[in-house]
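The next block holds one structure in the form of structure tokens; read it before the comments.
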Amino acid sequence: MSAPAGQRTAAPAAVRTSPLVVLVHTITFRQARRFAGSFLPLAALIGIRGGSATAVLVIGAVAVFSLVTAVLSWWRFSYADGAASVVVTRGLLSRSVRTVPNDRVRGVEIETPALHRVFGLVRVRIDAAAGAMKDDEEELVVDGVTRAEGDRLRVSVLTHRSGADTAGDDGVPGAPVEEEFTRFDNRWLLYAPLVGSYLALPLAVAGALYRAVDDLPDSVLPALPGPDLAHPGVLALLAGIAVVLLLLGSVVGAALVNWGFRLVRRGGSLISVRGLITRRHTELEIDRIRGATVSAGLGMRLVRAARVNALMTGLGDAGRRGQLLPLGPSSEAWRLARRLVEDPGPLVAHPPAARRRRLGRALFPGLAVTAGGIVVALAVGWWELLAVGVVLLAAGVPLGLGRYAALGHATGPRSFAVRSGFLLEEQAILQRRAVVGWRVRQTFFQRRAGLATVVACVGAGSGGYAAVDLGAADVAAFAAAASEPWSETLSPRVP
Amino acid sequence: MSTAPPTSALPPARTPAWPLSRAAIGLWITQGVLVALAPVVGAVVVAFAVPDSVGGPVPVLRWLLPALAVVFAGVLIGVRPWVRFRVHHWEVTDEAVYTLTGWLTRTWTLVPISRIQTVDVTRGAMQQLFGLSTVAVLTASSQGTVHIPHLSADIAQRVADDLAHRAERVRDQAT
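Order-wise, the sequence lines are chains Z and U.
For the first sequence, the numbering used here assigns the number 610 to the last residue and increments by one with no breaks.
For the second sequence, the numbering used here assigns the number 173 to the last residue and increments by one with no breaks.
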């Protein structure tokens, strides 16, 4: 594409962010925060010596300090988006200039924290592919531009990539052809208590609260009469309250993150928007989608719920950014996954030897503990270890059978699928072109059982998706059907 | 497995055509000697330094530990290098790089030349003594890396140059 009319000059003017961001940063102590460590002891000393007037003075001084640092960093920060690259200049004393070629930009995310929204500002994160960079340097963050400028910046960066020429009408603000893929139904929030990460959220909050209260000096805390913990009724009541709070907390946490989730297709991109307090706007290029995973824990499967993630090449922080359906009924999840990747058809079960192997592996810890328990019981007369062993043994049977039932693979004309996992079942559906290599592993025991594990190496998601305990004779055929012709190297040569 | 059909005894994938350099056996034996040294010395020290009079399981352990250490050393020095050499094979075809590595657990890795991102040649300190090099072929996937260990240095360099050259020509998106 050679210089269409209206294209910016090679060296575009550097622009500052909106001055309003100074207010936001003053309030949040964004720049002043890093000096907080050295100021706190000083402030505490002054606070103890002086009376309330001094305290007001200290607070005033801190506010002024925060304002000054915010102004300085706003003044020294500028960005410029040109036809070929984005340049961000910053730094108070030592200047740093980072230039990221537009071709290297993997995605642009716009987020709107609550306070930014009050002032009509957004934060733009430009995800720049750079393997050798440290995590916090992988992104260019332009914090505090108006919403319109943020959108302009996003469109400008994304459309000036050389690869984006073919996308045509996408990104032109006047003519967005939107197609809605999913809209979050608030009833789906009820699935949240079944998802580990949401359940962990209130626990983390409770832990932080406990630590904060623990840090306070005892004199500040009112001397509450402690409940009579010896009484079983009280204990049960407290446990009940804790469980209810935990469940509520997970639902609230899920609501905060996922409120108003919407996934739409606009031109060549998938755009997801979500969040109650901080709105996030993530753009994913459809061209880079290589597949999708549909995953569901044991609890979620009971109520037929699932989550969907996109597998994209070169996506940083893929676990969060790639989420296409954070929570939802599995019918919705599958509808969405099939829209992105062609359905390869029903899964084929793995051979009976795989069931024996799964069972053996699930029963092994139980067997070992039981054997140890018998020895201990005969020698010392302790029966506890034996009881634990028997329980483990009994639990191993459904675990092994469940893990076998989860195994499956399928190949279609343009895609393939593998599924595994019992406590967290994950099915990956991948395009044929996604495979950048095959890795076949066979342990000594798998060789005896005539099985092998085949990993499709993929430059997206976790890097590899395994068909566990496939029949050894089916390996070459599976690989040949699931990737391009080069994989026939695995098959025995026809003489 | 008496009930299993005879086909299941076959390996899951074809064996690549070319063996490694025979010098690899020497390298593996040297590594085995170094690894086995500590347990053997330890067991011998136990056998001579601890008197029988300590009682308990000591009289048995005095002979069991050295015996185990000797078996361990025998496997590491006398068995593993040869089994490994028999298992390890590699091949570069028109379309792909293909290796088979391991001894008890075997791993076949196949990467098409069109998806190669980087080709590395490394020479470890001990490899240099035996004139060997390892070729690593990297792709966009963290799990899709092929290591061809212990090729003689000149072959390794030729393979790496050839692969890098061909990857440049046929590379599609490489992802």
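We treat Cβ as the ideally placed atom computed from N, Cα and C, and that holds for glycine.
All values derive from a computational prediction rather than experimental measurement.
Problem - is_contact[residue 573 of chain Z, chain U] using C-beta, thresh 7 Å - result: The residue labelled residue 573 of chain Z in the question sits at position 458 within the first sequence. Yes, its Cβ sits closer than 7 Å to a Cβ of chain U.
Practice task
Measure the CB-CB distance between residue 307 of chain Z and residue 365 of chain Z and report whether it falls below 7 Å.
Solution key: Here residue 307 of chain Z is taken as the residue at index 192 of the first sequence, counted from 1. Here residue 365 of chain Z is taken as the residue at index 250 of the first sequence, counted from 1. For the pair residue 307 of chain Z and residue 365 of chain Z, the CB atoms are nearer than the 7 Å cut-off.
Practice task
Examine chain Z for any beta-carbon lying closer than 7 Å to the beta-carbon of residue 142 of chain U, and answer yes or no.
Solution key: As a working mapping, residue 142 of chain U is identified with position 144 in the second sequence. For residue 142 of chain U, the nearest beta carbon of chain Z is closer than 7 Å to its own beta carbon.
Exercise for the section: Out of Z/489, Z/128, Z/193, point me to the one whose CA is closest to residue 500 of chain Z's CA. Expected result: Residue mapping note: residue 500 of chain Z aligns to position 385 of the first sequence, counting from 1. With distances taken between Cα atoms, residue 500 of chain Z lies closest to Z/489.
Problem - Per-residue contacts from residue 108 of chain U into chain Z (C-beta, under 7 Å) - result: Position 110 of the second sequence holds residue 108 of chain U. Ordered by position in chain Z, the residues that pass the 7 Å Cβ test against residue 108 of chain U are 552, 553, 602, 604, 605.
Exercise for the section: Name the residue from Z/466, Z/506, Z/148 whose alpha carbon lies nearest to the alpha carbon of residue 479 of chain Z. Expected result: The residue given as residue 479 of chain Z occupies position 364 in the first sequence. Selected option, being the one with the closest Cα: Z/506.
Handout entry: Nearest-angstrom beta carbon gap, residue 546 of chain Z and residue 530 of chain Z [assumed within contact, 8 Å]
Key = Residue numbering aside, residue 530 of chain Z sits at position 415 when the first sequence is read from its first letter. Residue numbering aside, residue 546 of chain Z sits at position 431 when the first sequence is read from its first letter. Confirmed, Cβ separation roughly 5 Å.
Practice task
Output, in chain order, the set of chain U residues within a Cβ distance shorter than 8 Å of residue 559 of chain Z.
Solution key: For this step, residue 559 of chain Z is matched to residue 444 along the first sequence. For residue 559 of chain Z, the neighbours in chain U by C-beta distance under 8 Å run, in chain order, 102, 103.
Exercise for the section: Please list the partners that residue 94 of chain Z has in chain U, where partner means a Cβ-to-Cβ separation under 7 Å. Expected result: Residue 94 of chain Z lies beyond the stretch modelled for chain Z, which goes from 116 to 610, so this question has no answer here.
Exercise for the section: Express the C-alpha separation of residue 88 of chain U and residue 8 of chain U in angstroms, rounding to a whole number. Expected result: Here residue 8 of chain U refers to the residue found at position 10 of the second sequence. Here residue 88 of chain U refers to the residue found at position 90 of the second sequence. Approximately 19 Å, taken between the alpha carbons.
Problem - Residues of its chain near residue 157 of chain U, where Cβ-Cβ distance is below 8 Å and the 5 sequence neighbours each way are ignored - result: Counting from 1 along the second sequence, the entry for residue 157 of chain U is found at position 159. Leaving aside the five residues that flank residue 157 of chain U on each side, the residues in its chain whose CB is nearer than 8 Å to its CB run, in chain order, 90, 133, 146, 149.
Exercise for the section: Tell me whether the beta-carbon of residue 503 of chain Z lies closer than 7 Å to the beta-carbon of residue 484 of chain Z. Expected result: Residue numbering aside, residue 503 of chain Z sits at position 388 when the first sequence is read from its first letter. Residue numbering aside, residue 484 of chain Z sits at position 369 when the first sequence is read from its first letter. Going by C-beta atoms, residue 503 of chain Z is nearer than 7 Å to residue 484 of chain Z.
Problem - Sequence-distant residues of the same chain with beta carbon closer than 8 Å to residue 229 of chain Z, five excluded per side - result: Your numbering for residue 229 of chain Z matches position 114 in the first sequence. The answer, listed in chain order, is 392, 393.
Problem - Closer than 8 Å at the beta carbon, the chain U residues around residue 590 of chain Z - result: Numbered from its first residue, the first sequence carries residue 590 of chain Z at position 475. Residues of chain U with a Cβ closer than 8 Å to the Cβ of residue 590 of chain Z are, in chain order, 10, 11.
Practice task
Rounded to whole angstroms, what's the CA-CA distance from residue 124 of chain Z to residue 257 of chain Z? Just pull it up for me.
Solution key: The residue you call residue 124 of chain Z lines up with position 9 of the first sequence. The residue you call residue 257 of chain Z lines up with position 142 of the first sequence. Confidence is the limiting factor: at residue 124 of chain Z the pLDDT is only 43, short of 50, which leaves the residue's position unreliable, though a coordinate-based value still follows. Rounded to the nearest angstrom, the two C-alpha atoms are 21 Å apart.
Practice task
Pair every Cβ in the region 520 to 529 of chain Z with every Cβ in the region 72 to 85 of chain U, then say whether three or more of these pairs are closer than 8 Å.
Solution key: Three or more beta-carbon pairs separated by less than 8 Å are not found between the region 520 to 529 of chain Z and the region 72 to 85 of chain U, which leaves the two stretches without contact.
Handout entry: Three CB pairs or more closer than 8 Å across the region 575 to 585 of chain Z and the region 401 to 416 of chain Z
Key = With the cut-off at 8 Å, the region 575 to 585 of chain Z and the region 401 to 416 of chain Z touch.
Practice task
With DSSP collapsed to three states, give me the class of residue 272 of chain Z.
Solution key: Reading the first sequence from its first residue, position 157 is the one you call residue 272 of chain Z. Note: residue 272 of chain Z maps to helix in three-state DSSP.
Exercise for the section: Report yes or no: do the region 577 to 588 of chain Z and the region 66 to 73 of chain U share at least 3 C-beta pairs separated by less than 8 Å? Expected result: Judged by Cβ distances under 8 Å, the region 577 to 588 of chain Z makes no contact with the region 66 to 73 of chain U, as fewer than three pairs qualify.
Practice task
Rank U/36, U/99, U/162, U/113 by C-alpha distance to the C-alpha of residue 137 of chain U and give the top, closest one.
Solution key: Within the second sequence, residue 137 of chain U is the residue found at index 139, counting from 1. Residue U/113 is the option with its Cα nearest to residue 137 of chain U.
Practice task
With DSSP as the reference, label residue 88 of chain U as helix, strand or coil.
Solution key: Against the second sequence, residue 88 of chain U aligns to sequence position 90. The answer is strand: DSSP assigns residue 88 of chain U an E or B state.
Exercise for the section: Spell out the partners DSSP gives residue 474 of chain Z in its beta bridges. Expected result: Here residue 474 of chain Z is taken as the residue at index 359 of the first sequence, counted from 1. Partner residues in a beta bridge of residue 474 of chain Z, as assigned by DSSP, do not exist.
Practice task
Report the neighbours of residue 578 of chain Z on chain U: residues whose CB is nearer than 7 Å to its CB, in chain order.
Solution key: As a working note, residue 578 of chain Z is residue 463 in the first sequence. Here the neighbours are 139, 140, 141.
Handout entry: For residue 592 of chain Z and residue 460 of chain Z, the rounded distance between their alpha carbons
Key = The count along the first sequence starts at 1 and reaches residue 460 of chain Z at position 345. The count along the first sequence starts at 1 and reaches residue 592 of chain Z at position 477. Answer to the nearest angstrom: the Cα atoms are 16 Å apart.
Problem - For residue 513 of chain Z, the nearest candidate out of Z/471, Z/571, Z/316, Z/322 (CA to CA) - result: Taking the first residue of the first sequence as 1, we reach residue 513 of chain Z at position 398. Measuring from the Cα of residue 513 of chain Z, the nearest candidate turns out to be Z/471.
Handout entry: CA nearest to the CA of residue 194 of chain Z, picked from Z/240, Z/462, Z/181
Key = Residue mapping note: residue 194 of chain Z aligns to position 79 of the first sequence, counting from 1. For residue 194 of chain Z, the nearest C-alpha among the options comes from Z/240.
Handout entry: Contact between the region 220 to 235 of chain Z and the region 174 to 185 of chain Z (3+ Cβ pairs under 8 Å)
Key = The answer is no - the region 174 to 185 of chain Z does not touch the region 220 to 235 of chain Z, with fewer than three Cβ pairs under 8 Å.
Exercise for the section: List the endpoints of the continuous alpha helix (DSSP H) containing residue 128 of chain U. Expected result: Taking the first residue of the second sequence as position 1, residue 128 of chain U is located at position 130. Taken as a continuous stretch (DSSP letters only), residue 128 of chain U belongs to no alpha helix (DSSP H), as it is neither H nor E.
Practice task
Would you verify that the beta carbon of residue 91 of chain U is, or is not, closer than 7 Å to some beta carbon of chain Z?
Solution key: Position 93 of the second sequence holds residue 91 of chain U. Yes - at least one Cβ of chain Z is within 7 Å of the one on residue 91 of chain U.
Exercise for the section: Return the CA-CA distance between residue 47 of chain U and residue 559 of chain Z, expressed in angstroms with no decimal places. Expected result: Taking the first residue of the second sequence as 1, we reach residue 47 of chain U at position 49. Taking the first residue of the first sequence as 1, we reach residue 559 of chain Z at position 444. Here the alpha carbons of residue 559 of chain Z and residue 47 of chain U stand approximately 39 Å from one another.
Practice task
State yes or no: is the beta carbon of residue 155 of chain U nearer than 7 Å to at least one beta carbon in chain Z?
Solution key: For the purposes of this step, residue 155 of chain U is taken as the residue at position 157 of the second sequence. Answer no: the Cβ-Cβ gap between residue 155 of chain U and chain Z never drops below 7 Å.
Problem - is_contact[residue 94 of chain U, chain Z] using C-beta, thresh 7 Å - result: As a position in the second sequence, residue 94 of chain U is number 96, starting the count at 1. It does; some Cβ of chain Z falls within 7 Å.
Practice task
Express the C-alpha separation of residue 434 of chain Z and residue 180 of chain Z in angstroms, rounding to a whole number.
Solution key: Counted from its first residue, the first sequence places residue 180 of chain Z at position 65. Counted from its first residue, the first sequence places residue 434 of chain Z at position 319. Roughly 38 Å separates the two Cα atoms.
Practice task
Out of U/121, U/61, U/154, point me to the one whose CA is closest to residue 18 of chain U's CA.
Solution key: As a first step, residue 18 of chain U must be located in the second sequence, where it is residue number 20. The residue from U/121, U/61, U/154 with its alpha-carbon nearest to that of residue 18 of chain U is U/154.
Problem - Alpha-carbon spacing of residue 347 of chain Z relative to residue 355 of chain Z, whole angstroms - result: The residue you call residue 347 of chain Z lines up with position 232 of the first sequence. The residue you call residue 355 of chain Z lines up with position 240 of the first sequence. One alpha carbon belongs to residue 347 of chain Z, the other to residue 355 of chain Z, and they sit about 12 Å apart.
Handout entry: Integer-rounded CB distance, given that residue 601 of chain Z should sit under 8 Å from residue 93 of chain U
Key = Here residue 93 of chain U refers to the residue found at position 95 of the second sequence. Here residue 601 of chain Z refers to the residue found at position 486 of the first sequence. Taking 8 Å as the upper bound for CB-CB distance, residue 93 of chain U and residue 601 of chain Z are in contact here, some 4 Å apart.
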